[in-house]
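In UniProt numbering, the protein residues as written are 1 to 221.
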């Protein structure tokens, strides 16, 4: 039996970012943090389709590591997420909502504000689209190493829900095991931990510079 599926090389495995013509765009809901858009897209021979989606500014996250080679630990944060009714274990993260702030600097700021940590080294770990069927968010995860704690008198003053965000160090191997066992579910933590696990096995040689271009993000040059 002959398969109609073509074979593809590693270099050919690339997402194609070329937005189709938009014939109508309307903000149908204006929220506190993000809006919902309704757009009609022209797919050519496939006709026109209407899609409603959350217009998201994008975000960054930081997987902070400490410890000896082969016994690294990850800094995790517990935060309540109302849409799923859970206190999830996550990694420091935040929206790209400061005009002109480069993504890698936003990541360092989030690490400082949410975890009281500074990084001596920052690399780009992985990029992903959170939920491309209904959310425009592009998210970039960084790897922070050579981390140090911020002095008590120089720490960021947290407010509101950020006052109740427990933190902990946990083995990278244990994070991967917890994910495989279905005990943790936050996609950014999972994506970062799996990527770090692979990068570690490859001797960290596949990491990209923290200031690498982010061409696929519509609002970041």
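Ideal Cβ positions, reconstructed from N, Cα and C, are used throughout, including at glycine.
Less than 8 Å between the C-beta atoms of residue i and residue j, yes or no?
| i | j | result |
| --- | --- | --- |
| residue 172 | residue 117 | no |
| residue 53 | residue 182 | no |
| residue 93 | residue 110 | yes |
| residue 103 | residue 220 | yes |
| residue 55 | residue 34 | yes |
| residue 32 | residue 169 | no |
| residue 140 | residue 122 | no |
| residue 119 | residue 150 | no |
| residue 79 | residue 8 | no |
| residue 188 | residue 90 | yes |
| residue 42 | residue 51 | no |
Report the partner residues of residue i according to the DSSP bridge assignment.
| i | result |
| --- | --- |
| residue 209 | 123 |
| residue 143 | 63 and 123 |
| residue 157 | Answer is none; residue 157 lacks a bridge partner. |
| residue 135 | 54 |
| residue 169 | 75 |
| residue 129 | 138 |
| residue 149 | 117 |
Rounded to the nearest angstrom, how far is the Cβ of residue i from that of residue j, given a contact under 8 Å?
| i | j | result |
| --- | --- | --- |
| residue 26 | residue 37 | 7 Å |
| residue 88 | residue 186 | 5 Å |
| residue 77 | residue 114 | 6 Å |
| residue 144 | residue 63 | 7 Å |
| residue 107 | residue 60 | 4 Å |
| residue 179 | residue 195 | About 12 Å separates the two Cβ atoms, so there is no contact after all. |
| residue 138 | residue 216 | 6 Å |
Within 10 Å of its beta-carbon, does residue i have 16 or more other beta-carbons around it, so buried, or fewer, so exposed?
| i | result |
| --- | --- |
| residue 70 | exposed |
| residue 191 | buried |
| residue 157 | exposed |
| residue 23 | exposed |
| residue 136 | buried |
| residue 98 | exposed |
| residue 204 | exposed |
I'd like to confirm something about residue i: is its beta-carbon nearer than 7 Å to some heavy atom of the ligand MN, or not?
| i | result |
| --- | --- |
| residue 63 | Questions concerning the ligand MN fall outside what the structure shown contains, since it holds no ligand whatsoever. |
Step through the CB atoms of chain D and report whether any lies within less than 8 Å of the CB of residue i.
| i | result |
| --- | --- |
| residue 50 | Among the protein chains of the structure shown there is no chain D, as only one such chain exists. |
Uninterrupted beta strand (DSSP E) stretches inside the region 11 to 82 (no shorter than 3 residues): 22 to 30, 35 to 42, 48 to 55, 59 to 66 and 73 to 81
Contiguous alpha helix (DSSP H) assignments of at least 4 residues, all confined to the region 76 to 116: Listed in chain order, they are 103 to 115.
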